[in-house]
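Read the structure below first, then the notes.
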């Protein structure tokens, strides 16, 4: 029953249930503190343990391995109330690469708390693409607190994509921190849509600590009704020839409130960090163009927001 419920919720969030059933695909399915299913393919080590309030998971992609199919992770709480604590560590060994697609689903949440403490370690010449998609249902009774510390070693590439645009956000408090080494590339993208009285708080930082490291932080946030958002983007150019950029767009409607806090710094004369932010209402000219094609104002606004969050 739990397994089928998670599969249904996974499908509602945009996932394909067959990806979680395929024996040719690495996967892990967790509901509450129960591991419902897991599958391991060649080149990967998965260590997992149920705890009183969640699970501990360690994933290792072995040295020199390229995992051709995405690794699928699904975490969720199906009842209206509950606590789920995830402690995870993902290591991509030297010259290895992987694509991880994580789904977090809480379709019935009225009083649910989901906490994640994670560590990503990318060894030399490795790459990781990590995509996390959330589905929260219509009630807003969910608190999500992900804290991730990431180490991107020499010549490695990390790309993350966090998306929470389906259902109510509830309370979201993201804390991401990256230690970027020599010649590494880091890209962080976050997309969130807050409604009603949702509360969004995001803190993301890249410390460019190695020569020639590159980093980009992109935030795409929309809030309406009485929702609030606060986005803190931090980029430090601490080593020679580092390059960083912060790009934040926050759109508001109704009585929503939003705040952007870019913190950029350099500690070397050859380093360069830039930032740009656009905060406020939807572009008037873009709105008028859509309305001129026969769309009502609300529909036109929704299309623009969907485009920003795509």
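Numbering (the numbering used here), first residue to last: 62 to 371.
Note that the Cβ used here is the ideal one computed from N, Cα and C, for glycine as well.
query: Roughly how many whole angstroms lie between the Cα atoms of residue 277 and residue 211?
result: For residue 277 and residue 211, the distance between alpha carbons rounds to 14 Å.
- request: Check each candidate in 205, 326, 86, 262 and name the one with the smallest Cα separation from residue 270.
  value: Here the closest residue by C-alpha is 326.
message: Can you check which of these residues, 150, 167, 229, 274, is closest to residue 70 by C-alpha distance?
response: Taking only the C-alpha atoms, the option nearest residue 70 is 167.
Neighbour-count burial assignment, residue 354, 16 or more Cβ in a 10 Å radius: Exposed is the label assigned to residue 354, since fewer than 16 other Cβ atoms lie within 10 Å of its Cβ.
message: For residue 163, count the other beta carbons within 10 Å of its own beta carbon; 16 or more makes it buried, fewer makes it exposed. Which is it?
response: Buried, by the Cβ-count rule.
- prompt: Looking only at DSSP bridge pairs, what is residue 210 linked to?
  reply: Answer is 180, 238, bridged to residue 210.
task: Under 8 Å by Cβ, that's how I've got residue 215 and residue 171 pegged, so tell me the actual separation to the nearest angstrom.
output: Contact between residue 215 and residue 171 does not hold, since their C-beta atoms are separated by about 47 Å, which reaches or exceeds 8 Å.
field: Cross-strand partners of residue 98 (DSSP beta bridge)
entry: Under DSSP, residue 98 forms a beta bridge with 90.
query: Between the stretch 344 to 360 and the stretch 316 to 335, are three or more C-beta pairs nearer than 8 Å?
result: At 8 Å Cβ cutoff, the stretches do not touch.
task: Would you tell me roughly how many angstroms separate the C-alpha atoms of residue 372 and residue 300, rounded to the nearest one?
output: There is simply no residue 372 to check, as the chain begins at 62 and stops at 371 in what is shown.
- request: May I ask you to verify whether the stretch 236 to 243 touches the stretch 280 to 293, counting CB pairs closer than 8 Å and requiring at least 3?
  value: Because the criterion of three Cβ pairs below 8 Å is not met, the stretch 236 to 243 and the stretch 280 to 293 do not touch.
task: Determine the direct distance from the alpha carbon of residue 205 to that of residue 256, and round the result to whole angstroms.
output: Roughly 15 Å separates the two Cα atoms.
task: Would you list the residues sitting across from residue 246 in a DSSP beta bridge?
output: Residue 246 pairs with 218, 275.
message: What does the alpha-carbon distance come out to for the pair residue 306 and residue 63?
response: So the two alpha carbons sit approximately 43 Å from each other.
query: Any idea what DSSP makes of residue 331, helix, strand or coil?
result: The DSSP-derived three-state label of residue 331 is coil.
message: For a test of the three-state rule: what should DSSP assign to residue 71, helix, strand or coil?
response: Reduced to three states, the DSSP call for residue 71 is helix.
- request: Could you work out which residue in 308, 319, 303 is closest to residue 265 when comparing CA atoms only?
  value: Checking every option, the nearest Cα to that of residue 265 belongs to 308.
- request: Compute the distance between the beta-carbons of residue 116 and residue 124, then report whether it is under 8 Å.
  value: Inclusion of residue 116 and residue 124 in the CB contact set at 8 Å is not warranted, their separation being larger than that value.
field: Helix, strand or coil at residue 369 according to DSSP, with G and I counted as helix
entry: Helix at residue 369.
- prompt: What residues in its chain sit with their C-beta under 6 Å from that of residue 148, if we drop five residues either side in the sequence?
  reply: 117, 178, listed in sequence order.
- request: Could you tell me which residues DSSP pairs with residue 188 in its beta bridges?
  value: Under DSSP, residue 188 forms a beta bridge with 158, 218.
Coil, strand or helix - residue 223 by DSSP: DSSP, reduced to helix, strand and coil, places residue 223 within a strand of the structure shown.
query: Do you know offhand how far residue 230's Cα is from residue 140's?
result: Rounded to the nearest angstrom, the two C-alpha atoms are 17 Å apart.
field: Element boundaries [beta strand (DSSP E), containing residue 82]
entry: First-last for residue 82: 78 to 82, but that is the alpha helix (DSSP H), not the beta strand (DSSP E).
- request: Let me know the secondary structure DSSP gives residue 147 once reduced to three states.
  value: DSSP, reduced to helix, strand and coil, places residue 147 within a strand of the structure shown.
- prompt: Which two residues bound the contiguous alpha helix (DSSP H) that contains residue 351?
  reply: Taken as a continuous stretch (DSSP letters only), the alpha helix (DSSP H) holding residue 351 covers 345 to 353.
field: Whole-Å CB distance - residue 161 paired with residue 131, under 8 Å assumed
entry: Contact flag correct, Cβ pair sits at about 7 Å.
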